[in-house]
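These notes are about the structure you will find just below.
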Amino acid sequence: MVSMRFEGLDPTKPFVDATPMTRAPRISDLPALAAVARETYGIHNPRYVRLWSADPTIEGTQPDRRFFAAPISQLQPHDVPPELTLVPASSVDHYDDAQRAYDAVVAAHPHHTEEASLQDRDDLAESADEGFLFDIVVDGDWAGYAAGVHKPEDALGLPAYVVREMILAPKYRGRGYGRHLSALLAQALPDHTRILIGTIHSANQGARTAALTAGRHDIGGWLQLPLPQA
C-alpha cells in the first residue's frame, strides 16, 4: 500500500510512504516501487519512496530514521558523573536556551537540520504537565532537556515511552554525558515495565552512538528510495 505524505506537513517536501508490506523489500523490488509511486502520485513530484526495513542499508536507497529501543529495566545507569543529574521540570522556562543549543549545532553542522529539530514548545509543555520533562543539570546549572511522552502511535505498537527530546547545551557537549542520558531518562519515567523507544536519523552518528552505548538497540527503520524530479 502506498500513500502520499509530506515531511513535517511541509507541502514542499512530498514523499510516498510504502507500507504495510508482506515482506522486507529487496533490491529487485525497487524499480517497481518507484514506478508505482510515480504513476500514482507523480502530480505531486514526490522526492522519494519511504520503505521500512530491519536492515540499515539496501543498495540504491538512502538512510532515514531508525528506531532505537530497550526495556527500561535493562537501561541501568552506570558510572554516571556525579555532577550530571536529571531534575523534573514543571515548565519550559529554558525553551529559548534549548533553541539556541540546536542553532549552535546547525551553525557548526548545517546538515543537522535534516536530522533533528527542537520539539515544539507546546509539545514539551505537554510532557512537563505529564511529569515526563526533565532538566539536564550539571553542577547545578541547566545543561539541556530530556523528555518522554506516552504516544502509542509512535511506539510501533509496543508498551513504550517515546523519547520526545534530548538536547545538551553546547558547553556541555564533548564531555561524555550523552551516553548516560537514555538510562537516566528511562529510570526517571514512572513505569519501569515499559520500553524506551525513539527515532534517530541514521546520519546523526553522535546520537546513534550514545543510544547504542546506553543499551538501546536498532530495531528497524526507514530507507529512502530517491525518485527522479520533474
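Oh and the sequence shown: position 206 is 206 in UniProt numbering, straight run, nothing missing.
Glycine residues also receive a C-beta, built at the ideal position from the N, C-alpha and C atoms.
Please read these numbers as outputs of a predicted model, since none were measured by experiment.
### Message
Tell me the DSSP secondary structure of R65 in three-state form.
### Response
strand
#### Entry: Per-residue DSSP class, three states only, for V163
strand
#### Entry: First through last residue of the beta strand (DSSP E) which encompasses G148
141-149
### Straight-line gap, S117 to Y102 (C-alpha atoms, nearest Å)
7 angstroms
### Query
Excluding sequence positions up to five away, which residues of its chain have a Cβ less than 8 angstroms from the Cβ of P159?
Hits under 8 angstroms: T193, R194, I195.
### Query
Which value, in whole angstroms, describes the spacing of the CA atoms of M4 and D141?
45 angstroms
### Query
Given Y41, which residues of its chain have a CB within under 8 angstroms of its CB, disregarding the five upstream and five downstream residues?
V2, M4, P14, V16
### Close beta carbons around G206, own chain, < 8 angstroms, minus the five adjacent residues each side
G178
### Query
Starting from A210 and walking both ways along the alpha helix (DSSP H), at which residues does that stretch end?
205-214
### Query
In its own chain, which residues sit with a C-beta less than 7 angstroms from the C-beta of P88, not counting the 5 before and 5 after it?
G131, F134
### Task
Tell me whether the beta-carbon of L168 lies closer than 8 angstroms to the beta-carbon of G144.
yes
### Query
Going by beta carbon distance, what residues of the same chain come within less than 8 angstroms of A203, once the five residues before and after it are set aside?
P63, H111, E114, E115
### Range covered by the alpha helix (DSSP H) that runs through H192
Element bounds for H192: n/a, residue is neither H nor E.
### Task
Use the C-beta contact count for Q119: other C-beta atoms within 10 angstroms, 16 or more gives buried, fewer gives exposed.
buried
### Query
Who pairs with V16 in a beta bridge, going by DSSP?
Bridge partners of V16: M4, V49.
### Query
Do V80 and L185 have their C-beta atoms closer together than 8 angstroms?
Not a contact, by the Cβ cut-off of 8 angstroms.
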